[in-house]
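Chemist: A single structure is presented below for examination.
Protein chains: 2
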Amino acid sequence: MLNERSRHVLFAVVQSYINSPEPVGSRFVTKKYSFGCSPATIRNIMADLEELGFLKQPHISAGRVPTDKGYRFYVDSLRNIEEAKSQDEVFEEIKRRFARKLENIRNNINIMFMEATATLSEMSNYIGVVMPPKPENTTFNRIDFIRYRPGTVAAILLTDEGVIKNNILSVDAMLSQEDLNRIADYLNSEYSGRTIEEIKNMLLKSISREKAVWDKLIERAIKLYEQAISFTEEDIFVSGLYDVMNLPDFSNISRIREISRAIKDKHMILKLLEQISDAEGVQVLIGSENPVDELKNLSVVASTCKEKDRPMGVIAVIGPTRMDYSKAIYMVDTIAKCISRTFD
Amino acid sequence: MLNERSRHVLFAVVQSYINSPEPVGSRFVTKKYSFGCSPATIRNIMADLEELGFLKQPHISAGRVPTDKGYRFYVDSLRNIEEAKSQDEVFEEIKRRFARKLENIRNNINIMFMEATATLSEMSNYIGVVMPPKPENTTFNRIDFIRYRPGTVAAILLTDEGVIKNNILSVDAMLSQEDLNRIADYLNSEYSGRTIEEIKNMLLKSISREKAVWDKLIERAIKLYEQAISFTEEDIFVSGLYDVMNLPDFSNISRIREISRAIKDKHMILKLLEQISDAEGVQVLIGSENPVDELKNLSVVASTCKEKDRPMGVIAVIGPTRMDYSKAIYMVDTIAKCISRTFD
DNA sequence: ATTAGCACTCTAACTTCGAGAGTGCTAAAA
DNA sequence: TTTTAGCACTCTCGAAGTTAGAGTGCTAAT
């Protein structure tokens, strides 16, 4: 649909604009990228590209700026020609550091994810976001109940992935530590290896099935388990808001408010990442492509971490649509793979 | 040092400026606050107040604005005349809501503190900050070690205050669950009721004392305990950055950067709150009074939560020096007392 | 001690103006 | 048919100038 030269011009404009956020003029293109033709020719091409919706002008006598569609074309091309590998040595260095860091914290998944956000935002100067695995994808390892005051017990839930969830529950004051142990033993022997979500459903079913031969133990187990996992704290890690403010894209106040608002209630981001979490490979959402209104003029680059085929959380970068996609994609891909690797 | 009328004028200026951030002129003062005199007289008084350092002019032909010293005088007077009780019904409502919320979450101190920050920032539109109790003030209740993979155990530390700390440790693969139980039993029987910090020191001492008759059990206990508490995650809760951006004080970008920077690495705030944590009652630090450079033109209103006489964390509000001190003080005081009460 | 009056100062907002950048179009050249 | 040179045109941005308004400080009168 686009001939060779037009594509090159589009690429030139996008790259130049990503490089520094100033509208790109025809003269500039001919000078910087040696096409064998004059500015006038480039002007014609750019006019065509604008007509096709890849470029736009901030005002009539300014250079061109990519539209979301322009970025989309750029990103798609990038991925076709597998050119997304940035050769940036600084990045390589940080990547090595991250891999080394993983060595020490691999058995605590939460810390690992926290470090991942930090590394992402640090490297990219965009906002790093990580969403830990959903309950339906974490495997129950064992649960323990520790009584520490009459009527109060601490529930500790371990998953195979190294997640610890804890919650303090109010219970029948009569329950002794032995009772608690028996309940925990029951749950541990019966349900080990299943996902947290599965277990919940199974327990609910067993309620209706065994209604007749009701067992006090099971009844208690169900209650306690439900309370224990109810603490579904929206744990999602975000970092880098401060650094993102130093980007020229956020030099006016309303844009800062916008992005702060977007990450304020993590709820929204959660919704977005959940949609992504089933997809394969690195996902890129550019500006208006974004399903969440609050992110309509920001871009998201995300990837799912996997253990074998099970999605184990999503990592992402959020930044302006004028994003260094090549770098961002490479970064997100790399870190997602680093994390996936530790699961094996 | 200041006569009656001067004080009133100063009050008028401060209150008017807090109310809306525009320099206050002499004519405005006579109109709004019925002093029995003309603008010219007020002008003279204001000139005096400026000379004394309570007021300043943004530029020569503008009204006056309070200096840090002016705010200080205002705050001190407020507290003398015990007028800090805001009668704001909205606030009363939220306060009731917070008290009710506390009922349900009182046994989980972390959630309680999280809710406290949320409530603080929501009510004040400033930034809410809460620092949980320091290790030297939390009482060891019990520790448990749960083996869940060869060479890996989860350590669960409970405190009397309802804090759960957990950490995943790498250990000698040979340790069985029985070994772990024995170690936990030892720690639990020996050290229950002491503070976490104390125990650490005692363990260290016992190393040097019992060097000769070295006990494998104690050696292991020490190692595990240290690892378990090493996870001193800087847990400090901050919330309200987005809302604070809507204050007129932060309508220019560099001020937003400033405040974001201040709360970016929580380290700094931690340092500040630690200094406060010994003090009695509500502390107010105004602008330059602040020991931390990054907060030099912000104000902090803080109070320590107590269980009997033991400091159990600090709650605070951070905002512009043009802060509604009366409201902020009342708020912080109230919430600190709410929390303190739940400890009994 | 207080006040009216007045000259003075400074800001903020609005205009004007010109330089500069970049375009689109046309007609000539390849 | 495609490319290019040339030129008129448009728009932004910043500098400079202007004015209205607010508020002051000072002085002289009350």
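One line per chain: the protein sequences are Y and F, in this order. Just remember that my numbering sits 202 ahead of the position in the first sequence, which is counted from 1. Just remember that my numbering sits 202 ahead of the position in the second sequence, which is counted from 1. In this text, a Cβ means the ideal position worked out from N, Cα and C, and glycines have one as well.
With DSSP collapsed to three states, give me the class of ALA414/Y.
Modeler: Position 212 of the first sequence, counted from the first residue, corresponds to residue 414/Y. A caution first: ALA414/Y carries a pLDDT of 46, below 50, which makes its placement in the model unreliable, though a value can still be read off. Reduced to three states, the DSSP call for ALA414/Y is coil.
Chemist: Any chance the stretch 438 to 452 of chain Y sits against the stretch 520 to 527 of chain Y, with 3 or more Cβ pairs inside 8 Å?
Modeler: yes
Chemist: When the Cα atoms are used, what is the spatial distance from MET509/F to ASP546/F?
Modeler: Within the second sequence, the letter at position 307 stands for residue 509/F. Within the second sequence, the letter at position 344 stands for residue 546/F. According to the sequence as given, residue 509/F is Glu; it is not Met. Spanning the two alpha carbons is a distance of roughly 7 Å.
Chemist: Tell me the rounded alpha-carbon separation between ILE428/Y and LEU304/Y.
Modeler: Counting from one through the first sequence, the residue named residue 428/Y turns up at place 226. Counting from one through the first sequence, the residue named residue 304/Y turns up at place 102. Going by the sequence as given, residue 428/Y is Glu instead of Ile. About 33 Å.
Chemist: What distance in whole Å lies between the Cβ atoms of ILE366/Y and THR354/Y, which are believed to be in contact at a cut-off of 8 Å?
Modeler: Your numbering for residue 354/Y matches position 152 in the first sequence. Your numbering for residue 366/Y matches position 164 in the first sequence. Not confirmed; about 19 Å, so no contact.
Chemist: By alpha-carbon positions, which one of GLU291/F, PRO225/F, VAL277/F, ASP270/F ends up nearest to ARG259/F?
Modeler: Within the second sequence, the letter at position 57 stands for residue 259/F. Note on identity: in this sequence residue 259/F is Gln, with Arg being the wrong assignment. Of GLU291/F, PRO225/F, VAL277/F, ASP270/F, the residue nearest in Cα terms is PRO225/F.
Chemist: Under 7 Å between beta-carbons, which chain Y residues line up against ARG459/F? List them in chain order, please.
Modeler: Locating residue 459/F in the second sequence gives position 257, where the first residue counts as 1. The contacting residues are MET447.
Chemist: Under the DSSP definition of a beta bridge, which residues are partnered with ALA518/Y?
Modeler: Position 316 of the first sequence holds residue 518/Y. According to DSSP, ALA518/Y bridges with VAL331/Y, ALA504/Y.
Chemist: Is VAL415/Y buried or exposed, if buried means 16 or more other CB atoms sit within 10 Å of its CB?
Modeler: By 1-based counting over the first sequence, the position of residue 415/Y is 213. Residue confidence for VAL415/Y is low, a pLDDT of 48 falling below 50, so the modelled location carries little weight; the figure read from the coordinates is stated next. Counting Cβ neighbours within 10 Å, VAL415/Y comes out exposed, since fewer than 16 surround it.
Chemist: Going by alpha carbons, who is nearest to VAL216/F out of TYR276/F, LEU204/F, ILE262/F?
Modeler: In the second sequence, residue 216/F corresponds to position 14, counting from 1. When only C-alpha atoms are compared, the closest one is TYR276/F.
Chemist: Can you check whether the C-beta of ALA423/Y is within less than 9 Å of a C-beta belonging to chain F?
Modeler: Position 221 of the first sequence, counting from 1, holds the residue named residue 423/Y. Not closer than 9 Å to any Cβ of chain F, the Cβ of ALA423/Y fails to qualify, so no.
Chemist: Considering Cα atoms alone, identify which of MET248/F, ASP437/F, ARG298/F is closest to SER228/F.
Modeler: Here residue 228/F is taken as the residue at index 26 of the second sequence, counted from 1. Among MET248/F, ASP437/F, ARG298/F, the Cα nearest to that of SER228/F belongs to MET248/F.
Chemist: Please name the residue in ARG351/F, TYR388/F, ASP362/F, GLY395/F whose C-alpha comes closest to that of MET550/F.
Modeler: No answer is possible for residue 550/F: it lies beyond the span of chain F, which begins at 203 and ends at 546.
Chemist: In terms of alpha-carbon separation, which member of ARG299/F, ASN403/F, CYS239/F, LEU204/F lies closest to ARG253/F?
Modeler: Walking along the second sequence from the start, residue 253/F turns up at place 51. The sequence as given places Glu at residue 253/F; Arg does not occur at that position. Cα-wise, what sits closest to GLU253/F is LEU204/F.
Chemist: Report the rounded CA-to-CA distance for LEU359/F versus ASN403/F, giving the unit in angstroms.
Modeler: Looking up residue 359/F in the second sequence gives position 157. Looking up residue 403/F in the second sequence gives position 201. Approximately 17 Å between the Cα atoms of the pair.
Chemist: Report the rounded CA-to-CA distance for ASP526/Y versus MET314/Y, giving the unit in angstroms.
Modeler: Taking the first residue of the first sequence as position 1, residue 526/Y is located at position 324. Taking the first residue of the first sequence as position 1, residue 314/Y is located at position 112. Between ASP526/Y and MET314/Y, the C-alpha separation is close to 25 Å.
Chemist: What's the C-alpha gap between ASP374/F and ILE307/Y?
Modeler: As a working mapping, residue 374/F is identified with position 172 in the second sequence. As a working mapping, residue 307/Y is identified with position 105 in the first sequence. Distance between the alpha carbons of ASP374/F and ILE307/Y is about 17 Å.
Chemist: Considering only residues of the same chain and omitting the five flanking positions on each side of ASP346/Y, which have a CB-CB separation below 7 Å?
Modeler: Sequence index remark: in the first sequence, residue 346/Y carries index 144 (1-based). Around ASP346/Y: ILE358, ALA386.
Chemist: Find out if the Cβ-Cβ distance for the pair LEU257/Y, LEU322/Y is shorter than 9 Å.
Modeler: For the purposes of this step, residue 257/Y is identified with residue 55 of the first sequence, where counting begins at 1. For the purposes of this step, residue 322/Y is identified with residue 120 of the first sequence, where counting begins at 1. No, the pair does not count as a contact, with Cβ atoms beyond the cut-off.
Chemist: Report the neighbours of ARG463/F on chain Y: residues whose CB is nearer than 8 Å to its CB, in chain order.
Modeler: Here the question's residue 463/F lines up with position 261 in the second sequence. Under the 8 Å cutoff, chain Y gives TYR444.
Chemist: Answer yes or no: do ALA423/F and LEU405/F have a C-beta to C-beta separation smaller than 9 Å?
Modeler: By 1-based counting over the second sequence, the position of residue 423/F is 221. By 1-based counting over the second sequence, the position of residue 405/F is 203. Yes. Within cutoff.
Chemist: In chain order, what residues of the same chain lie with their CB nearer than 8 Å to the CB of PHE452/Y, ignoring the 5 residues before and after it?
Modeler: The residue given as residue 452/Y occupies position 250 in the first sequence. Cβ neighbours of PHE452/Y beyond the five flanking positions: VAL446, ILE458, ILE461, PRO522.
Chemist: Taking the alpha carbon of TYR532/F as the point to measure from, which residue in ALA504/F, PRO513/F, ASP511/F has its own alpha carbon closest?
Modeler: In the second sequence, the residue the question calls residue 532/F occupies position 330. Per the Cα distances, ALA504/F.
Chemist: Out of GLU421/Y, GLU399/Y, THR506/Y, point me to the one whose CA is closest to ASN343/Y's CA.
Modeler: For this step, residue 343/Y is matched to residue 141 along the first sequence. Ranking GLU421/Y, GLU399/Y, THR506/Y by Cα distance to ASN343/Y puts GLU399/Y first.
Chemist: Beta-carbon separation of GLY489/Y and LEU500/Y under 9 Å?
Modeler: Translated into the one-based positions of the first sequence, residue 489/Y becomes position 287. Translated into the one-based positions of the first sequence, residue 500/Y becomes position 298. It is a contact, given that the beta carbons lie within the stated cut-off.
Chemist: Could you check which residue in ASN339/Y, ILE420/Y, ALA301/Y, ILE348/Y has the C-alpha nearest to that of THR536/Y?
Modeler: In the first sequence, the residue the question calls residue 536/Y occupies position 334. Nearest C-alpha to THR536/Y: ALA301/Y.
Chemist: Compare the C-beta of ASP437/Y against all C-beta atoms of chain F and say whether one is closer than 9 Å.
Modeler: By one-based count along the first sequence, residue 437/Y stands at place 235. For ASP437/Y, the nearest beta carbon of chain F is not closer than 9 Å to its own beta carbon.
Chemist: What residues from chain Y crowd round ARG344/F, counting only those whose CB sits closer than 8 Å?
Modeler: Reading the second sequence from its first residue, position 142 is the one you call residue 344/F. Result: ILE348, TYR350.
Chemist: Report buried or exposed for ALA318/F, applying the criterion of at least 16 other Cβ atoms within 10 angstroms of its Cβ.
Modeler: Position 116 of the second sequence, counting from 1, holds the residue named residue 318/F. It is buried - the Cβ of ALA318/F has at least 16 other Cβ atoms within 10 Å.
Chemist: Measure the CB-CB distance between ALA518/F and ILE478/F and report whether it falls below 9 Å.
Modeler: Start at 1 with the first residue of the second sequence, and residue 518/F comes out as number 316. Start at 1 with the first residue of the second sequence, and residue 478/F comes out as number 276. Contact: yes.
Chemist: Going residue by residue through the stretch 244 to 330 of chain F, where are the continuous alpha helix (DSSP H) segments of at least 4 residues, counting only ones entirely within it?
Modeler: The qualifying runs are 270 to 282, 291 to 307, 311 to 326.
Chemist: Could you give the distance in angstroms between the alpha-carbon of ALA286/F and the alpha-carbon of GLU491/F?
Modeler: Here residue 286/F is taken as the residue at index 84 of the second sequence, counted from 1. Here residue 491/F is taken as the residue at index 289 of the second sequence, counted from 1. Unreliable positioning characterises ALA286/F in this predicted model, as indicated by a pLDDT of 47, which lies under 50. The coordinate reading is nonetheless provided below. Distance between the alpha carbons of ALA286/F and GLU491/F is about 21 Å.
Chemist: State the Cα-Cα distance for the pair VAL534/Y and TYR273/Y, rounded to the nearest angstrom.
Modeler: Within the first sequence, the letter at position 332 stands for residue 534/Y. Within the first sequence, the letter at position 71 stands for residue 273/Y. Using only the alpha carbons, I get a separation of about 18 Å.
Chemist: Counting contacts by CB-CB distance shorter than 9 Å, is GLY395/Y in contact with chain F?
Modeler: Translated into positions along the first sequence, residue 395/Y becomes position 193. Not one chain F Cβ lies under 9 Å of GLY395/Y.
Chemist: Taking its Cβ as the centre, do 16 or more other Cβ atoms sit within 10 Å of PRO334/Y, making it buried, or is it exposed?
Modeler: By 1-based counting over the first sequence, the position of residue 334/Y is 132. Buried, because 16 or more other Cβ atoms sit within 10 Å of the Cβ of PRO334/Y.
Chemist: Does ILE262/F pass the burial test, meaning 16 or more other C-beta atoms within 10 Å, or should it be called exposed?
Modeler: Taking the second sequence and counting its residues from 1, the one referred to as residue 262/F is at position 60. Exposed, by the Cβ-count rule.
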